[in-house]
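Undergrad: Residue numbers (the numbering used here), protein chains in the order written: chain A, 17 to 318; chain B, 18 to 272; chain C, 989 to 1398. Each residue gets a CB set at the ideal place from its N, CA and C atoms; glycine is no exception.
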Amino acid sequence: MTYILQQLINAVQLGSIYALIALGYSMVYGVLRFINFAHGDIFMVGAFLSYFAAVLIKRLAGATAIPTALIFVGSMLLAMLGTALITLSIERIAYRPLRRYRLSVVITALGMGVFLEHMTLVIVGPWRISFHPLITETVYKVVGVSISTTQLVIIFVSILLMLILEFIVRQTKQGMAMRAISYDREAVPLMGVNVDHIITLTFAIASCLAAAGGLLYAHAYPIIEPYMGIMVGWKAFISAVVGGIGVIRGAMLGGYILGFVEIAAGAIFPSRMRDLISFVVLMIVLLAKPTGIFGLPLRQKV
Amino acid sequence: MALLHINGLTHYFGGLRAVYDFNLALEEGELIGLIGPNGAGKTTVFNLITGIYRPTKGTIQFNGQNLVGLQPHQITAKGICRTFQTIRLFNNVSVLDNVRIAFYSQVRSNLLDAFFRTPHLVSEDKALTREAYRLLEIFNLERYAQELAMNLPYGEQKRVEIARALATKPRLLLLDEPAAGMNPGEIDRLMDLIQRIRQEFGLTIFLIEHQMRLVMRICRYIKVMDFGETIAEGTPEEIRTNPRVLQAYLGEEVE
Amino acid sequence: MAQWQKLRSHLSAIPVLAYLLGFGIASAIELFIGYPVASLLGLPTMPTLFGIILVQQSLALLPSAIAYDLLIYLVPTYIAARLLTPLVQKLLQKVPSQRLMLVYVLALFLVALLWGGFHEYRTMILCLMGINFILCISLNLVNGYMGEFSVGHAGFMGVGAYIASILTVWVFPRSLGHLVFPLALLAGGAGAAIAGLLVAIPSFKIRGDYLAIITLATNFIIKNGIENIERIGGSRGFMGMAKLTNVPWVFFWSVLTLVLIRNFVLSPYGRGVIAIREDEIAAEAMTVNTRRMKIIAFCTSSFFAGIAGGLFAHLLLYINPSSFTLLKSTECLVMVYLGGMASISGSLVGAATFTILLEMLRPLEVWKWVLIPLLLLVMLLRRHTGLMGFREFQFLIPREEAEVYGSTSH
């Protein structure tokens, strides 16, 4: 029983990170009907930027002791800012001019992913960097189940971010425009909404969530390297699809589902089969429900 | 024996009743019209006949054969072809190839012939090409043969769609709002064209139309739908004076 | 400007075939005087790839390398092409149109052998080019002609590579070598085609982006699947193949692929595939059996990817699951979109350009993969369907189609 509870906590931790990244895929897809294949690498960039931000903050602070929580929040904000800037420039240069040509823009997205990976490789070199946690680790024991501060922070911060996102999407004008575009792309521009602004905003939010995901992931698995975004990105993408891409709650649910599936698969099968099983699950879900769990049935108008 | 026999055709989209208890016995050589306000379920009837949707209930028989459950391409190959309400040409393909694609089910060469481009395939394809040109000439479209379909003016695109449908060698042609977006002069020409191809190809025609002018003039029999149900049917004269129709449809149209 | 125009029209008056033969003659001359000319110009070795690699070692060699290219390739090619022009024109008139492609193929083969047959490195590049071409054109069938977005081509390549290698190493007697090589490749292709069903069957229900995800998952499942089979080496890979892939074999399979796929896309069935790209519902309504055409397109595409995989395995003599990851699939996609969508000529151009580009940029190591995406981006911004998108070289189109093809292909 405690074993299962313990695994459940692990699953929630992993699922939270997947959900954060999956949201980015899903939101962009909702607005643009476009899979941003570079998003996994944006997540990787987020992890690196938070590493450098933390180093920078510590160096600026010098001898003065600042609370770790402040470093944590500070580096997260800096990473979000940097990642958003990079994402927005990519959107401006590589996606926007090609937006009308669906296939070409997907190719550039794949290309931008490769570009980010290798640009990072050029800058930081082929070494794996170990990420020094910004959280002082204490392990709590609750009815035999151990929860670490890291796990609590990861789960708490992800949920907080998702709540903020829900607020933006449901309560602000821009957020509602975002949802409106996902719902009907033709009608919204007619209603005086500047679609370009909404797209920019969507990419910015998506990259902020990915940056946060990068920072949190680096706390759970403290080795960062330029190719780390590929696998995590694809899996987050699967989560988005399983939940129903384009639907925000779908991405969250999908992230947690994948977290559970992976932890369960890792517990039952040899760990090297873990990825294989995740992908097989994806295939099965898509075959059973081609538009994901929350996805609206896409009835083509004839 | 009617050519097309529809009995108790009913279709639901989730909880929404799109078509309810639609019946039709269409004799060979007839030209009948289906009218009704927007969202009355007219196009859904076409989609059910051509197999794009599978009916919730009811039977559709064509030439004595059951159509329910067949895939759209099989139904078309049996001799029912259609045009679409919003033009659905193969845009980045030449007008000629738009027509040649529609010969698909008539191709006798097999896949190996295709991969090895055997003389059999080459000569068959040549014959199909000639046939396609012949069709385009009937519609006065031969000069556009090599033009991409999307580069044609709207009216020409509509004619290409009819030419393409005829390439499937239909006995029954379903026209979904052929006159939409046309001016009175164009509608007159369209009516001539429909009459002409009907005689030339021995077609039975079933058309959906919004333009009352056209329906009243060329159809000998009209069915009227509203909210999925057939509310009236009869000759144009009967329809013109039917109070339910006036209320549901003509009243709205006349404004 | 006017002079430039004049030069252009002068150069384009010479038929492509004449240039091809001219280049062959230049390559033949190089065989004899390549080394002496190179040392005369102060180059440390004979340039293997037009001096590109030498220049990257030392920029000071640039003038000599250019001089070498001028002396050995450009000038002789031009002179020979001009001299051959009347002869070639006569030949082109005499040869019936069905045979025209054969003439080009023979000429190309001769040139490939003369230029590359006597250098190990050039042989390698030519083989890679051919393999890349097979990958590119087979992917183009699905992505360009059928309009689906397959992201998992490398997976099918991997299936073919493993099946063919297992057959030649463990099953077939080694002494038979080249005799059974085609059988191994065909078996690899067949295996890949069966794997292609993994993608084809979901495609009945799922389209567009969702199908892209299925192809992606298929790529991962194949790669992870191979990693988990210890019997064939797991993630350590598989080796022991004999070096069976050579220029003639690659040339043979490339031409075969080209001809078969060209024939298919020009046939009524190929037009059915194109109709699926344009509008699936209208295609069905016009009697196209879309399910059947999807199965055929996906299986054909993965079949040839499997063949390419087999050739690849017997060229590098070592394969492991990480040779067939998404990066390899991305390479295939880059070739397709660089060369041009829905174009056989585009696949030729794309594969050739990409292979040479990779070689050119090889010394840059990591920077290579920084530059290639940027180049691709610039390319796509200028021409969003690729260099030859929706267009074909005349000589690839049979005459009876050329008459009706007309402006649609240009």
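Should C/Asn1128 be flagged as near chain B, meaning a C-beta pair shorter than 8 Å?
TA: In the third sequence, counting from the first residue as 1, residue 1128 of chain C sits at position 140. Not one chain B Cβ lies under 8 Å of C/Asn1128.
Undergrad: Can you say whether B/Glu217 is buried or exposed, counting buried as having 16 or more other CB atoms within 10 angstroms of its CB?
TA: Here residue 217 of chain B is taken as the residue at index 200 of the second sequence, counted from 1. The residue in question, B/Glu217, is exposed, as its Cβ has fewer than 16 Cβ neighbours within 10 Å.
Undergrad: Could you pull out every residue in the same chain whose Cβ sits closer than 7 Å to the Cβ of A/Ile73, ignoring the five residues on either side in sequence?
TA: Here residue 73 of chain A corresponds to residue number 57 of the first sequence, with the count starting at 1. Correct list, in chain order: Ile87, Gly90, Ser91.
Undergrad: In terms of alpha-carbon separation, which member of C/Ala1293, C/Met1329, C/Leu1304 lies closest to C/Ser1317?
TA: Residue mapping note: residue 1317 of chain C aligns to position 329 of the third sequence, counting from 1. When each option's Cα is compared against that of C/Ser1317, the closest is C/Ala1293.
Undergrad: Going by C-alpha distance, which of A/Lys305, A/Val263, A/Tyr233, A/Ala281 is nearest A/Leu65?
TA: As a position in the first sequence, residue 65 of chain A is number 49, starting the count at 1. Ranking the options by Cα distance to A/Leu65, first place goes to A/Tyr233.
Undergrad: Suppose only complete runs of 4+ residues qualify. What are the alpha helix (DSSP H) ranges in the region 1126-1179 of chain C, listed by chain order?
TA: For the region 1126-1179 of chain C, whole alpha helix (DSSP H) runs of length 4 or above, ordered along the chain, are 1141-1154.
Undergrad: Check each candidate in C/Leu995, C/Ala1053, C/Arg1070, C/Leu1031 and name the one with the smallest Cα separation from C/Tyr1007.
TA: Translated into the one-based positions of the third sequence, residue 1007 of chain C becomes position 19. Selected option, being the one with the closest Cα: C/Arg1070.
Undergrad: Chain C beta carbons: is any one of them nearer than 8 Å to that of B/Gln88?
TA: By 1-based counting over the second sequence, the position of residue 88 of chain B is 71. So yes, B/Gln88 belongs to the interface.
Undergrad: Using a beta-carbon distance cut-off of less than 8 Å, what residues from the region 1251-1263 of chain C approach chain B?
TA: Per Cβ criterion, the list reads Asn1251, Phe1252, Leu1254, Ser1255, Pro1256, Tyr1257, Gly1258, Arg1259, Gly1260, Ile1262, Ala1263.
Undergrad: Where in the region 93-166 of chain A do unbroken runs of the beta strand (DSSP E), each at least 3 residues long, occur, reported from the N-terminal end onward?
TA: DSSP runs (the beta strand (DSSP E)) wholly in the region 93-166 of chain A: 155-158, 161-164.
Undergrad: For my contact list, C/Gly1374 and C/Gly1334 are in at a C-beta cut-off of 8 Å; report their separation, rounded to the angstrom.
TA: Along the third sequence, one-based indexing puts residue 1374 of chain C at 386. Along the third sequence, one-based indexing puts residue 1334 of chain C at 346. That pair is a contact at about 6 Å.
Undergrad: Where does A/Asp200 fall in DSSP's three states?
TA: Along the first sequence, one-based indexing puts residue 200 of chain A at 184. The answer is coil: DSSP assigns A/Asp200 none of H, G, I, E or B.
Undergrad: Is it the case that the region 152-159 of chain A contacts the region 130-144 of chain A, given that we only count it when at least three CB pairs across the two stretches are under 8 Å?
TA: They do not touch, by the three-pair rule.
Undergrad: For A/Val277 versus A/Phe59, is the C-beta distance shorter than 8 Å?
TA: Counted from its first residue, the first sequence places residue 277 of chain A at position 261. Counted from its first residue, the first sequence places residue 59 of chain A at position 43. Against a cut-off of 8 Å, the Cβ pair of A/Phe59 and A/Val277 comes out as no contact.
Undergrad: Just to confirm my understanding: we take C/Gly1165, look at its own chain, exclude 5 residues before and 5 after, and list those with CB closer than 7 Å. What are they?
TA: Here residue 1165 of chain C refers to the residue found at position 177 when the third sequence is read from its first residue. For C/Gly1165, where only same-chain residues beyond five positions count, the Cβ hits under 7 Å are Ala1230, Leu1232.
Undergrad: Expressed to the nearest angstrom, what Euclidean distance is found between the alpha-carbon atoms of A/Ile284 and A/Tyr19?
TA: Taking the first residue of the first sequence as 1, we reach residue 284 of chain A at position 268. Taking the first residue of the first sequence as 1, we reach residue 19 of chain A at position 3. Spanning the two alpha carbons is a distance of roughly 13 Å.
Undergrad: Throw me the rounded Cβ distance for the A/Gly98 and A/Ala226 pair, which I believe falls under 8 Å.
TA: Within the first sequence, the letter at position 82 stands for residue 98 of chain A. Within the first sequence, the letter at position 210 stands for residue 226 of chain A. Incorrect: roughly 12 Å between the Cβ atoms, too far for contact.
Undergrad: Pull out every residue of the region 1118-1150 of chain C whose Cβ sits closer than 7 Å to any Cβ of chain B, in chain order.
TA: Within the region 1118-1150 of chain C, no residue qualifies.
Undergrad: So with Cβ pairs under 8 Å, would you call C/Glu1347 a contact of chain A?
TA: For this step, residue 1347 of chain C is matched to residue 359 along the third sequence. False, the Cβ-Cβ gap to chain A never drops below 8 Å.
Undergrad: Under 8 Å, Cβ to Cβ, is there at least one residue of chain C near A/Ala110?
TA: Here residue 110 of chain A is taken as the residue at index 94 of the first sequence, counted from 1. Answer yes: the Cβ-Cβ gap between A/Ala110 and chain C drops below 8 Å somewhere.
Undergrad: Under 9 Å Cβ-Cβ, which residues of chain B neighbour C/Glu1319?
TA: For this step, residue 1319 of chain C is matched to residue 331 along the third sequence. In chain order: nothing, as chain B lies at least about 26 Å away.
Undergrad: Do you know offhand how far A/Asp212's Cα is from A/Arg115's?
TA: Counted from its first residue, the first sequence places residue 212 of chain A at position 196. Counted from its first residue, the first sequence places residue 115 of chain A at position 99. Taking the straight line joining both Cα atoms gives about 11 Å.
Undergrad: Pull up the CB-CB distance for C/Val1130 and C/Ala1285, whole angstroms please, since I reckon it's below 8 Å.
TA: Residue 1130 of chain C sits at position 142 when you count from the first residue of the third sequence. Residue 1285 of chain C sits at position 297 when you count from the first residue of the third sequence. Contact holds; Cβ gap of about 6 Å.
Undergrad: Just mark B/Ile222 as buried or exposed, buried being the case when its beta carbon has 16 or more other beta carbons within 10 Å.
TA: One-based indexing of the second sequence puts residue 222 of chain B at position 205. Buried.
Undergrad: Under a Cβ-count criterion, where at least 16 other Cβ atoms within 10 Å of its own Cβ denotes burial, should A/Ser174 be classed as buried or exposed?
TA: The count along the first sequence starts at 1 and reaches residue 174 of chain A at position 158. So A/Ser174 ends up on the buried side.
Undergrad: Would you check if there are 3 or more beta carbon pairs closer than 8 Å linking the region 1106-1116 of chain C to the region 1268-1279 of chain C?
TA: Verdict: no, contact absent.
Undergrad: For C/Lys994, count neighbouring C-beta atoms within 10 Å of its own C-beta (all shown protein chains included) and say buried if the count is 16 or more, exposed if not.
TA: Against the third sequence, residue 994 of chain C aligns to sequence position 6. Answer is exposed; the Cβ neighbour count stays below 16.
Undergrad: Grouping DSSP H, G and I as helix and E and B as strand, with all else coil, what is C/Glu1272?
TA: Here residue 1272 of chain C corresponds to residue number 284 of the third sequence, with the count starting at 1. Helix at C/Glu1272.
Undergrad: Applying the criterion that 16 or more other CB atoms from any shown protein chain within 10 Å of the CB defines a buried residue, is A/Leu246 buried or exposed?
TA: Numbered from 1 along the first sequence, position 230 holds the residue referred to as residue 246 of chain A. Here residue 246 of chain A turns out to be Ile, not Leu, going by the sequence shown. Buried, since its Cβ has 16 or more Cβ neighbours within 10 Å.
Undergrad: When you compare the CB of A/Ile123 with every CB in chain C, is at least one pair closer than 8 Å?
TA: Your numbering for residue 123 of chain A matches position 107 in the first sequence. By this cut-off, A/Ile123 is an interface position.
Undergrad: Give the straight-line distance between the Cα atoms of C/Leu1127 and A/Gly78, rounded to the nearest whole angstrom.
TA: Taking the third sequence and counting its residues from 1, one reaches residue 1127 of chain C at position 139. Taking the first sequence and counting its residues from 1, one reaches residue 78 of chain A at position 62. Taking the straight line from one Cα to the other gives about 56 Å.
Undergrad: Could you tell me the distance, in whole angstroms, from the CA atom of B/Glu272 to the CA atom of B/Ala249?
TA: The residue you call residue 272 of chain B lines up with position 255 of the second sequence. The residue you call residue 249 of chain B lines up with position 232 of the second sequence. Because the pLDDT of B/Glu272 is 38, which lies under 50, any placement of that residue in the model is unreliable, and the question is left without a value.
Undergrad: Could you tell me the alpha carbon to alpha carbon distance between C/Trp992 and C/Leu1058, rounded to whole angstroms?
TA: Numbered from 1 along the third sequence, position 4 holds the residue referred to as residue 992 of chain C. Numbered from 1 along the third sequence, position 70 holds the residue referred to as residue 1058 of chain C. Approximately 19 Å, taken between the alpha carbons.
Undergrad: Taking 8 Å as the CB-CB cut-off, is C/Leu1399 touching chain B?
TA: For residue 1399 of chain C there is no data in the structure shown, the boundaries of chain C being 989 and 1398.
Undergrad: Just to confirm my understanding: we take A/Val297, look at its own chain, exclude 5 residues before and 5 after, and list those with CB closer than 7 Å. What are they?
TA: As a first step, residue 297 of chain A must be located in the first sequence, where it is residue number 281. Excluding positions up to five away in sequence, the list reads Val277.
Undergrad: Using only the alpha-carbon positions, how far apart do B/Glu154 and C/Val1093 sit?
TA: Counted from its first residue, the second sequence places residue 154 of chain B at position 137. Counted from its first residue, the third sequence places residue 1093 of chain C at position 105. Going from the Cα of B/Glu154 to the Cα of C/Val1093 covers about 39 Å.
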